[in-house]
Amino acid sequence: EVLHRQLFTDYIDDVSTNYVDPIIFNSLPATDIAKAKRLYYRGDELPQARQTPGVNEQRGDVTDNDAFFATILRFGWRLNTVDNATRQLRCPVFY
1 EVLHRQLFTD
11 YIDDVSTNYV
21 DPIIFNSLPA
31 TDIAKAKRLY
41 YRGDELPQAR
51 QTPGVNEQRG
61 DVTDNDAFFA
71 TILRFGWRLN
81 TVDNATRQLR
91 CPVFY
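This note's numbering applies: residue 1 is where the sequence shown begins, and numbers increase by one.
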């Protein structure tokens, strides 16, 4: 099975509109500040990364909604393929 999903949002990949001002992270709980700063810009994880973007710099295209594909492979293995009448499914009996 191959599925294609067209979404009505542009936020599934977390790339939309403009970069947020990192000063806003200081209003988060202390446990989340470091995480927010690490996730703010992940382009430096790529070999050909550019400099950290500035505040309000274009980050994505809000006119293009996200989409994704999913592939599902299923395998089945039938055990005991003896064609025995006693092993067949029957209608339920109500008492």
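Note that the Cβ used here is the ideal one computed from N, Cα and C, for glycine as well.
In this text, all values refer to a predicted model and were calculated from it rather than measured experimentally.
Straight-line CA distance for Arg38 to Pro92?
Position 38 of the sequence shown, counting from 1, holds the residue named residue 38. Position 92 of the sequence shown, counting from 1, holds the residue named residue 92. Cα to Cα, Arg38 sits roughly 58 Å from Pro92.
Can you round the beta-carbon distance between Asp66 and Asp21 to whole angstroms, since I take them to be within the 8 Å contact cut?
The sequence position of residue 66 within the sequence shown is 66, counting from 1. The sequence position of residue 21 within the sequence shown is 21, counting from 1. Wrong, their Cβ atoms sit about 24 Å apart, outside the cutoff.
Going by DSSP in three states, Asn65 sits in which element: helix, strand or coil?
As a working note, residue 65 is residue 65 in the sequence shown. It is coil, neither helix nor strand.
For the beta strand (DSSP E) that Arg5 lies in, which residues bound it at each end?
Here residue 5 refers to the residue found at position 5 of the sequence shown. Per DSSP, Arg5 belongs to the beta strand (DSSP E) from 2 to 6.
Per DSSP, which residues does Asn18 bridge with? Please list them.
Taking the first residue of the sequence shown as 1, we reach residue 18 at position 18. Its beta-bridge partners are Gln58.
Rounding to the nearest angstrom, what Cα-Cα distance links Val15 and Phe8 in this structure?
In the sequence shown, the residue the question calls residue 15 occupies position 15. In the sequence shown, the residue the question calls residue 8 occupies position 8. The alpha-carbon atoms of Val15 and Phe8 are separated by roughly 14 Å.
Assign Thr9 to one of three DSSP states: helix, strand, or coil.
Here the question's residue 9 lines up with position 9 in the sequence shown. Thr9 falls in the coil class under three-state DSSP.
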